Ligand SMILES: [Zn+2]
């Protein structure tokens, strides 16, 4: 290990010293993004985009398997259209970007660059839905949206981000409720089974629900620093948009009925979650199922006869069971080790002259740093085994971390103390009054993350006001 290696690692701030700085260092050093020329925008670099593509591919498959179809809407929304649903416009007005001119000419009506597409879908649905035979309508779009945020951070909050938004119409309230649940389960599965991020499932309070929704379901995850991140939401829209946009159908008895709608989305924020749940002071740690490259082959003493040939041969062998790549550049192995650790590549395969003699290779796991010698004849099987183990280990490690950082608060004093000393999720009872929710936020900075589906009777009284408690809520400071 030369001086060069040391300097390389030093470019990343230790997460214990400054987590926010660690995050931006890793995002830059792992070459996930660059900053756009407009403040708060990001250029997603090829490695960052490859991670997004893998998340997208998994989710897109699940969206289609559950009967949905993809389509695409225009970027612009006429102001009058956005005004049609009162709660919705109130929620989004502070952060929309306006288009006022087309070329030199001032537009007769201002346009909004979509912050979300409920109203576009609603208008379209009002034209294409006539009878119960037209239902359900199960559409999704992959797109970008713009929200003029004041403070921004790559992936977590940016003026423009990528996402998918599902929008569906149903004949009954129950059907819409079932859809809302179903898509939340799909999101939870993507997070836990692929991103190795454990999630809490629940319902948002009235204060935190989506603007214009009947209710919002959410999955919440905990980052390494003890702050929460909303990782996906699924909204039951009820008939609000249907009433405002006149989306009606003739039911089987020939009566006009409004449709019941849902919408649901996940965004490039999930990449931020991935970084903050699994990363360490050496950089990213990408779960194998999502990693663009799962095994990186690094030849040792590659100038020696036969090493490169063997390294390429091994790469081909591994490629039968995993996404494999090789770095045969003339950079020093130490530089390469650091580089691929920074990028979070799950397994490194080292092979040099001595290994070739012994017909073995060295495999190094990114999550544990564990180094194993493997006979070349057992390479494929071992790679598959180690990748599966790492995938499992990352989820369990994150779950343990989250559970260790979850506490129960019985009174407001304890609530504040716990939040101060260890952050994380706080489980506490709530009376259901928004005044208490506001007070908790104002005095502690914590927000209600969700009313979990799995309720526990932690106490009989509200943690804030001491009145009779209605539900148990997860609270946390959040991104
Ligand atoms: Zn209360």
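Numbering (the working numbering), first residue to last: 187 to 665.
Yeah, the Cβ is synthetic: ideal placement off N, Cα and C, and Gly gets one too.
Treat the numbers as computed from the prediction; the structure is a model and nothing was measured.
For residue 359, there is no enclosing beta strand (DSSP E); the residue is part of the alpha helix (DSSP H) that begins and ends at 359 to 375. Under the criterion of beta carbons closer than 8 angstroms, residue 433 and residue 303 do not qualify as touching, at roughly 15 angstroms. By the CB criterion at 8 angstroms, residue 450 and residue 410 fall outside the cutoff. The beta carbon of residue 249 sits closer than 6 angstroms to those of 326, all from its chain and outside the five residues before and after it, given in chain order. Selection 510, 500, 282, 526 evaluated against residue 546 yields 500 as nearest (Cα-Cα).
The Cβ atoms of residue 655 and residue 662 do not sit closer than 8 angstroms to each other. Distance from the CA of residue 393 to the CA of residue 242, rounded to the nearest whole angstrom, comes to 30 angstroms. Distance between residue 357 and residue 441, taken at the CA atoms: about 12 angstroms. The beta carbons of residue 443 and residue 431 sit no closer together than 8 angstroms.
Comparing C-alpha distances from residue 505 to each of 336, 535, 206, 577 shows the shortest one belongs to 535.
Between ligand 1 and residue 651, a heavy atom-to-CB distance of less than 7 angstroms is present. When DSSP states are grouped into helix, strand and coil, residue 261 belongs to the coil group. Non-local C-beta neighbours of residue 653 in its own chain, meaning closer than 6 angstroms and more than five positions away in sequence, comprise 617, ordered along the chain.
Residue burial is scored here from C-beta neighbours: residue 229 has fewer than 16 other C-beta atoms within 10 angstroms and is therefore classed as exposed. Distance from the Cα of residue 366 is smallest, within the candidate group 383, 401, 340, for 401. Counting of Cβ neighbours within 10 angstroms places residue 417 among the buried residues, the total reaching 16 or more. Note that the C-beta distance between residue 514 and residue 487 is not below 8 angstroms. Only residues of its own chain outside the window of five on either side were considered, and among them 539 have a CB closer than 6 angstroms to the CB of residue 490, listed in chain order.
Restricted to the region 393 to 445, the beta strand (DSSP E) segments that are unbroken, complete and at least 3 residues in length are 401 to 408, 414 to 424, 434 to 436, 442 to 444, listed in chain order.
Bounds of the alpha helix (DSSP H) holding residue 210 are 205 to 215. Note on geometry: alpha-carbon atoms of residue 578 and residue 463 lie some 14 angstroms from one another. Contact holds between the region 381 to 397 and the region 570 to 584, because three or more Cβ pairs, one in each stretch, are under 8 angstroms apart.
Residue pairing by DSSP places residue 221 opposite 228 in a beta bridge. In this structure, residue 209 and residue 461 form a Cβ contact; the two beta carbons are roughly 7 angstroms apart against a cut-off of 8 angstroms.
Comparing alpha-carbon positions, the option among 475, 206, 446 lying closest to residue 362 turns out to be 446.
Non-local beta-carbon contacts of residue 317 in its own chain, meaning distances under 7 angstroms to residues more than five positions away in sequence, involve 435, 436 in chain order. An exposed status is given to residue 258, since fewer than 16 other beta-carbon atoms sit within 10 Å of its beta-carbon. Taking 7 angstroms as the cut-off, one finds at least one heavy atom of ligand 1 near enough to the beta carbon of residue 616.
Boundaries cannot be given for residue 380, as no beta strand (DSSP E) includes it and DSSP labels it neither H nor E. Annotation note: the region 231 to 300 contains the following uninterrupted beta strand (DSSP E) runs of length 3 or greater, listed N- to C-terminal: 262 to 264, 283 to 288, 291 to 299. At a Cβ-Cβ threshold of 8 angstroms, residue 448 and residue 354 count as neighbours. Counting along the chain, residue 660 sits inside no alpha helix (DSSP H); it lies in the beta strand (DSSP E) bounded by residues 657 to 662. Straight across, the Cα-Cα distance linking residue 413 with residue 641 is about 22 angstroms. The alpha helix (DSSP H) runs of length 4 or more contained entirely in the region 558 to 585 do not exist; there are none. Annotation for residue 619 indicates a beta carbon within 7 angstroms of some heavy atom of ligand 1. Here the region 220 to 235 makes no contact with the region 257 to 271; the two share fewer than three CB pairs at distances below 8 angstroms.
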